[in-house]
Amino acid sequence: MNWKEKAIEILKESLTPIPHELSELDWKSGLSPKTERLAQHVCAFCNHQGGGMFAFGINDNATFAPLTKEQIDDIVKRLGNIAHNNLSSSVDIDHAVLEYQGSPILFVYVPEQREKPIYMRGREYKDAFCRCSGQTIRMSPLQIRNIIATSQGLNFEERIAKGGIGKNEVLSLLNYRKFFELIDKDLPSSLDSILVRLKEYGLCTNSDNLWNITNAGAILFANNMNDFSELTKRKVIVRKYIGTNNREQLTEQIGQYGYAVGFEGLIDFIMNYVSTEAISVKREAIVQYPRIAIREFVANALVHQDFGISGINITIEIFSNRLVITNPGAPLNDINRLIDLPPNSRNEKLAELMYLFRFCERRGSGVDRAIAAIEEMHLPAPRIAKEETCTRVTLFPHKEIGDMTKDEKIQACYQHACLLNEDGISMNNQSVRERFNLNKTQSSVASRIIADTQEAGLIKVSNTGITSKKYVTYVPYYL
């Protein structure tokens with residue numbers, strides 16, 4: 001797919017069903033007179049994976065504002081001059097006028113640069129910019145270090161967390177016994193055999209007689225994250241609050257182990273605080289949320305976090321009326337397409353290892369499993385929020401349908417349609433009743449939810465030739 005074909009797809013994704021900004025696209029009605037800000041946008045696209053593009057001829061309210069030939073020529077000339085003269089390296093851009101829904105749109109494509117970061121001409125690295133959640137922002141020092149390493153061919157997982165150490169120190173810092181337990185292999189009898197296997201999985205490297213622990217090795221198998229200065233901010237924090245706000249904290253636990261070492265204990269700890277004990281003949285715990293959902297969303301937070309963003313830990317906050325999972329980094333996929341699209345991971349090696357160790361499902365199925373488990377308990381739909389520097393997933397305990405907001409019903413209905421579509425099934429009134437645990441006499445309630453979801457632009461009729469509403473079926477908007 002060339003950039004022009006991709007441009008139309010990205011614009012469609014950005015404008016429907018609800019107009020929203022994307023990191024790879026910035027749409028505008030015309031060209032701003034602020035050269036400095038335009039240079040920052042171009043700079044950010046140069047540093048963005050896959051590059052990015054401007055789309056001119058679109059108003060802020062997502063209506064179309066056709067450009068004249070003179071305007072097009074002026075935009076192309078000014079942006080070309082900025083790309084050549086205002087950045088640390090001269091950048092060649094491309095442009096094309098393409099038709100979208102009957103309107104001509106000027107696309108200006110800025111390719112990703114091989115050597116990064118690109119920054120403002122005559123200045124320093126600190127004046128490098130990036131795209132995040134559809135916004136252009138200044139890079140943090142950590143982001144700059146990471147993008148330099150990436151442009152040199154090293155991703156986060158391959159970089160060194162602690163280097164120039166002996167064999168015994170490697171084995172004292174990493175929980176190698178847990179590693180062999182997870183790969184279901186017997187522990188080798190010799191120290192050298194242990195290190196060779198750790199090296200095979202990218203957890204450490206060596207040069208002559210000295211060894212290095214990679215970020216992958218440390219983040220997954222550290223006995224204590226505090227032993228690795230660059231990773232101390234990657235610890236997982238669980239907080240339990242009294243009530244619905246964070247004014248009164250009951251407890252806080254800060255994880256010290258690597259993710260692979262502490263994952264099961266982390267999930268057990270969370271489940272302990274989202275369960276209530278039913279007192280009957282047999283005492284048993286009643287959970288507010290399905291374990292599968294918590295497991296999958298926590299694993300996603302670990303795998304898809306942006307290690308280039310500093311100052312934000314992965315946190316799990318437990319309130320009386322919700323559970324919130326936060327990780328640094330906005331999701332790379334459209335939040336309305338998390339069920340059907342395969343995840344676009346920032347950390348491929350970490351994702352591969354977490355799958356290998358059976359903490360994650362196969363690519364693309366984790367969110368499906370989580371939402372399916374939520375449906376089985378007839379809980380409100382999880383709310384997934386894309387923020388500038390983080391992703392928040394909020395789970396809600398059981399609510400009667402009369403207590404759900406209109407938006408909660410719409411999101412649950414839409415996610416239900418997406419799940420069914422993945423199974424090759426279309427949604428109908430009966431399936432919606434089952435999703436909300438409604439009886440046959442409440443078909444009108446289901447019809448109202450379907451109508452609201454359709455009005456929101458999230459579903460559409462799949463069998464348009466049917467005249468009776470009783471037999472109408474629906475699919476997600478993107479089909």
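Each residue of the sequence shown is one higher than the last, beginning at 1 in the UniProt record's numbering. A virtual CB, placed ideally from N, CA and C, is assigned to each residue, including glycine. These numbers come from a predicted model, not from an experiment.
With contacts defined by Cβ atoms closer than 8 Å, I242 and L250 form a contacting pair. Taking each of D94, I314 and S89 in turn and checking the Cα distance to R123, the smallest one comes out for S89. In the three-state scheme derived from DSSP, where H, G and I count as helix and E and B as strand, Y109 is classed as strand. A check of alpha carbon separations from P19 across Q253, L458 and E230 identifies L458 as the nearest. In this structure, DSSP gives I314 an extended state, which the three-state scheme calls strand. Assignment of A330 by DSSP, reduced to helix, strand and coil, places it in the coil class.
One alpha carbon belongs to E248, the other to L173, and they sit about 36 Å apart. Selection T136, K185, N428 and E158 evaluated against N206 yields E158 as nearest (Cα-Cα). Membership of A55 in the beta strand (DSSP E) is indicated by the continuous run G52 to F56. I194 and A330 have their alpha carbons spaced roughly 37 Å apart. Shown here for V461: same chain residues with a beta carbon closer than 7 Å to its own, the five before and five after excluded, namely V472 and Y474 in chain order. In this structure, DSSP gives M139 a state outside helix and strand, which the three-state scheme calls coil.
Around the CB of K162, 16 or more other CB atoms lie within 10 Å, so the residue is classed as buried.
Taking 8 Å as the cut-off, the Cβ atoms of T389 and I312 count as close.
About 7 Å separates the Cβ atoms of W27 and S14, confirming a contact at the 8 Å cut-off. Taken through DSSP and simplified to helix, strand or coil, V367 comes out as helix. A161 sits in a strand when the DSSP states are folded into three classes. In the pairwise beta carbon analysis, the segment 115 to 134 is classified as not touching the segment 70 to 78: fewer than three pairs are separated by under 8 Å.
The secondary-structure analysis by DSSP pairs N206 across a beta bridge with W211. Pairing E422 with D340, the inter-Cα distance amounts to about 7 Å. Cα atoms of K126 and G80: separation of roughly 24 Å, rounded to the nearest angstrom.
In the DSSP assignment, Q253 is bridged to V238. Separation of the CB atoms of A216 and L350 is rounded to 6 Å, and the pair is thereby assigned contact status at 8 Å.
The alpha carbon of L87 has as its nearest neighbour, out of F64, G465, A44 and D60, the alpha carbon of A44. Residue nearest to D94 within the set R131, C46 and G262 is C46 (criterion: CA-CA distance). In this structure, the alpha-carbon of V261 lies about 31 Å from that of D334. About 16 Å separates the Cβ atoms of M53 and F129, ruling out a contact at the 8 Å cut-off. Per DSSP, T35 is one residue of the alpha helix (DSSP H) stretching across T35 to N47. Taking each of I309, E455 and G465 in turn and checking the Cα distance to S140, the smallest one comes out for I309. With fewer than 16 other Cβ atoms inside 10 Å of its own Cβ, I183 counts as exposed.
Here N59 has S29 and A65 as same chain residues with Cβ atoms under 8 Å from its own Cβ, once five neighbours each way along the sequence are excluded. Boundaries around H84 are those of the alpha helix (DSSP H), K69 to N85, since no beta strand (DSSP E) includes it. Between T136 and Q40, the gap from beta carbon to beta carbon is short of 8 Å. For I425, the secondary structure class from DSSP, reduced to helix, strand or coil, is coil.
Apart from the 5 residues on each side of it in sequence, Y259 sits with its Cβ closer than 7 Å to the Cβ of I219, L220 and L302 in its chain, given in chain order.
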